[in-house]
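First comes the structure, then the notes that go with it.
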Amino acid sequence: MNSFWDIFQTCDWDETKQSIYTKTSADVERALENPKRNLEDFKALISPAAAPYLEQMAQISQKLTLKRFGKVIQMYVPLYLSNECNNICTYCGFSYENKVRRKTLSPMEIMQEVSVIKDMGYEHVLLVTGEANQTVHVDYFKKVLDLIRPHFAHISMEVQPLDLEDYQQLTPYGLNTVLVYQETYHQDDYRKHHPKGKKSNFQYRLETPDRLGQAEIHKMGLGVLIGLEDWRTDSFFTAMHLNYLEKKYWKSKYSLSFPRLRPFSGGLEPKVEMNDRELVQLICAYRLFNEELELSISTRESPDFRNNIIKLGITSISAGSKTNPGGYAVEPQSLEQFEISDERSAHEIAQVISSQGYEPVWKDWDRCL
Amino acid sequence: MLKIADKIFNSRLFTGTGKFSSSELMEEALLASGSELVTVALKRVDVNEKNDDILIRLKHPNLNLLPNTSGVRNAREAVFAAQLAREALETNWIKLEIHPDPKYLMPDPVETLKATEELAKLGFVVLPYIHADPVLCKRLEDAGTSAVMPLGSPIGSNKGLKTIDFLEIIISQSNVPVIVDAGIGSPSDAAWALEIGADAVLVNTAIAVSGNPVQMARAFKLAVEAGRLAFEARLALSVPHAVASSPLTSFLNE
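Chains A and B, in that order, are what the protein sequence lines are. The first sequence runs 5 to 373 under my numbering. The second sequence runs 6 to 259 under my numbering.
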């Protein structure tokens with residue numbers, strides 16, 4: 005099977021990085037003027053040379069987003085089902101070696117969590133787990149989907165990468181979207197951060213979106229964990245990956261996230277810091293590169309940043325999130341995957357969105373679809 | 006007056022409910038537009054919720070609902086969604102939107118034809134969103150469509166009537182109303198569509214995303230009325246250059 009791996013192998017990290025860092029203001033200006041932007045334009049827009057053009061980028065990003073998506077922001081919320089995990093990931097609170105109590109929610113506990121989430125107003129839910137294939141496997145996911153499908157209009161999953169046959173089995177159960185973040189496209193660093201467990205297989209993870217495309221999943225989400233490696237280079241590979249997928253799997257929709265590494269107890273310090281200006285630059289660059297892409301922002305970011313990013317190009321936002329299994333009702337005190345930065349409730353965030361002249365959208369899919 | 010199936014419309018401006026900054030503003034703009042047919046995506050509303058924020062604001066005596074199947078990827082899903090809409094929203098009107106391509110939202114002609122056939126047999130008033138494809142329009146007529154909705158340019162693009170040559174062919178040979186659906190970016194685009202004989206236009210993005218949706222809705226209302234009046238009055242033909250005396254045929258008078 006042909007996959008992104010074939011293309012990826014022909015790319016060199018250092019060369020790519022250098023070509024980003026040597027972009028000039030002339031390259032940036034060309035990218036700004038060109039309404040049909042390609043990967044070279046994207047490089048210019050994420051390069052240090054684009055920093056002085058941030059306001060201009062934001063203006064274009066806002067216009068393009070309005071045209072495509074309108075004055076609306078989609079609301080979604082994560083539901084952590086399990087923190088059991090056989091992987092060691094140096095940056096994650098659920099890493100195998102971390103001494104936390106492990107828990108996988110039972111059907112009854114899931115329904116307790118669902119009831120709280122529904123009271124918050126949510127119709128779009130994101131299921132999250134670690135990777136524990138003995139207990140949290142396809143049959144478990146089927147049971148969960150069966151259980152919660154009647155309660156939500158749209159169900160996404162952020163769980164371990166699965167085989168093609170698994171995805172094909174899960175879509176009839178109402179699975180709409182799968183998020184799978186590569187974490188980093190730097191192979192050596194990937195190995196360093198994932199020394200043990202199934203996740204240490206870089207190629208299997210890299211080829212997951214191909215399998216999702218073959219399974220004709222409605223939507224898939226990509227991204228890297230910002231802080232592990234040079235974010236510009238990692239973001240370029242993400243854009244390249246996206247470009248490849250869009251052309252090949254044209255029936256799927258795509259979304260992107262830009263999680264910045266957050267502290268957790270005993271965790272890793274980011275190797276590379278990305279400041280707020282740079283995150284805005286990245287968000288706008290993605291929008292200028294791809295008008296149809298959904299861009300999502302989570303509670304990892306601060307209230308002030310989230311308030312101000314609403315109008316700049318993002319299309320969906322989470323709020324009132326808990327990042328521990330049972331966090332909403334069953335065991336609110338258990339250890340989180342990472343500390344969230346924005347503690348405001350879903351209701352409060354909806355008000356913030358409205359006050360900026362945007363409509364918070366709770367439902368934009370239907371279980372009949 | 007415009008008649009589709011058994012319904013008569015005074016307004017030739019059809020509208021949509023998406024992309025507005027609030028449902029209050031949506032309601033106000035729709036009322037200002039004078040529109041009598043408004044499309045609503047089944048996926049955006051909660052049909053089990055009596056007080057759904059969108060549906061509740063569309064309850065006006067002159068406003069007819071046109072549920073659409075946005076989100077479906079093939080005929081099978083479309084027929085299922087249409088049946089759900091009929092039951093929940095108590096209307097047998099359906100705007101058929103089948104786009105397997107979520108990026109450009111291009112309509113699938115094969116699946117659309119198939120679904121139109123089935124839905125017409127099931128008693129639906131079908132308004133299919135399609136490319137400006139004259140042959141497809143004739144095939145849809147045979148399949149029992151109640152109107153055709155060819156695009157002016159890609160949906161949401163505001164690029165106007167890029168498909169003008171094909172729209173003119175469709176209009177010249179259609180036995181069902183022709184509604185120009187996507188891409189209308191400004192009132193002048195809408196007026197143009199009506200001038201060339203389109204029976205109606207459907208406008209959403211250009212109103213919802215404008216600086217003042219209520220005022221823009223009114224601007225579209227006036228433009229559509231003006232375009233229709235112009236069509237009925239028959240436009241004077243434009244002449245590319247001054248007409249000379251008859252150099253080629255003057256010998257006949259000699």
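Virtual Cβ for every residue (Gly too), placed ideally from N, Cα, C.
Which of helix, strand or coil DSSP assigns to residue i
i                      : result
residue 98 of chain B  : strand
residue 300 of chain A : strand
residue 117 of chain A : helix
residue 52 of chain B  : coil
residue 41 of chain B  : coil
residue 200 of chain A : strand
residue 78 of chain A  : strand
residue 38 of chain A  : coil
residue 154 of chain B : strand
residue 278 of chain A : coil
residue 336 of chain A : coil
residue 28 of chain A  : coil
residue 70 of chain B  : strand
residue 129 of chain A : strand
Inter-residue spacing [alpha-carbon to alpha-carbon] between residue i and residue j
i                      : j                      : result
residue 29 of chain A  : residue 45 of chain A  : 11 Å
residue 61 of chain B  : residue 16 of chain B  : 22 Å
residue 87 of chain B  : residue 20 of chain A  : 49 Å
residue 351 of chain A : residue 28 of chain B  : 17 Å
residue 305 of chain A : residue 312 of chain A : 11 Å
residue 298 of chain A : residue 207 of chain B : 25 Å
residue 58 of chain B  : residue 201 of chain A : 47 Å
residue 61 of chain A  : residue 192 of chain B : 29 Å
residue 345 of chain A : residue 262 of chain A : 15 Å
residue 248 of chain A : residue 314 of chain A : 28 Å
residue 97 of chain B  : residue 11 of chain B  : 12 Å
residue 165 of chain A : residue 34 of chain B  : 46 Å
residue 425 of chain A : residue 240 of chain A : Here chain A comprises residues numbered 5 to 373, so residue 425 of chain A is not present and cannot be evaluated.
residue 105 of chain A : residue 96 of chain A  : 15 Å
residue 63 of chain A  : residue 279 of chain A : 20 Å
residue 266 of chain A : residue 342 of chain A : 6 Å
residue 94 of chain A  : residue 197 of chain A : 5 Å
residue 11 of chain A  : residue 36 of chain B  : 53 Å
residue 125 of chain B : residue 140 of chain B : 19 Å
residue 362 of chain A : residue 324 of chain A : 19 Å
residue 104 of chain B : residue 70 of chain B  : 21 Å
residue 189 of chain B : residue 211 of chain A : 40 Å
residue 6 of chain B   : residue 14 of chain B  : 6 Å
residue 380 of chain A : residue 132 of chain A : Missing from the structure shown is residue 380 of chain A; chain A here goes from 5 to 373 and no further.
residue 170 of chain B : residue 83 of chain A  : 52 Å
residue 181 of chain A : residue 230 of chain B : 44 Å
Below-7 Å beta-carbon distance, residue i vs any chain B residue
i                      : result
residue 370 of chain A : yes
residue 296 of chain A : yes
residue 227 of chain A : no
residue 196 of chain A : no
residue 74 of chain A  : yes
residue 397 of chain A : Summary: the structure shown does not reach residue 397 of chain A, with chain A confined to residues 5 through 373, and so no result is reported for it.
Nearest-angstrom beta carbon gap, residue j and residue i [assumed within contact, 8 Å]
i                      : j                      : result
residue 275 of chain A : residue 232 of chain A : 6 Å
residue 186 of chain A : residue 228 of chain A : 6 Å
residue 149 of chain B : residue 194 of chain B : No, residue 149 of chain B and residue 194 of chain B are not in contact; Cβ-Cβ is about 30 Å, not under 8 Å.
residue 53 of chain A  : residue 32 of chain A  : 5 Å
residue 302 of chain A : residue 322 of chain A : 5 Å
residue 117 of chain B : residue 133 of chain B : 5 Å
residue 99 of chain B  : residue 66 of chain B  : Not a contact, Cβ separation roughly 22 Å.
residue 128 of chain A : residue 78 of chain A  : 7 Å
Residue i: CB within 6 Å of a non-hydrogen atom of the ligand MN
i                      : result
residue 182 of chain B : In the structure shown, the ligand MN is absent, as is every other ligand, since no ligand is present at all.
Residue-level contact to chain A via CB, residue i, 7 Å cutoff
i                      : result
residue 75 of chain B  : no
residue 107 of chain B : yes
residue 94 of chain B  : no
residue 55 of chain B  : no
residue 47 of chain B  : yes
residue 120 of chain B : no
residue 263 of chain B : Outside the modelled stretch of chain B, which goes from 6 to 259, sits residue 263 of chain B, for which no answer is possible.
residue 27 of chain B  : yes
residue 115 of chain B : no
residue 216 of chain B : no
residue 170 of chain B : no
residue 186 of chain B : no
Checklist entry - Of all the residues that make up the segment 236-270 of chain A, which are near chain E by a beta-carbon distance shorter than 9 Å? => result Of the protein chains in the structure, A and B, none is chain E.
Item to check | Segments assigned alpha helix (DSSP H), at least 4 residues, entirely inside the segment 104-149 of chain B | outcome: 114-126 and 139-148
Next on the checklist: What ranges does the alpha helix (DSSP H) occupy inside the segment 198-261 of chain A, keeping only unbroken runs of at least 4 residues that lie completely in it?
Outcome noted: 206-210, 212-218 and 235-252
Checklist entry - Whole beta strand (DSSP E) runs in the segment 143-193 of chain A with 3 or more residues, listed along the chain? => result For the segment 143-193 of chain A, the continuous beta strand (DSSP E) assignments of 3+ residues that do not extend past its boundaries occur at 158-162 and 181-183, in sequence order.
Checklist entry - In chain order, which continuous runs of the beta strand (DSSP E) of length 3 or greater are located wholly inside the segment 162-208 of chain B? => result 205-208
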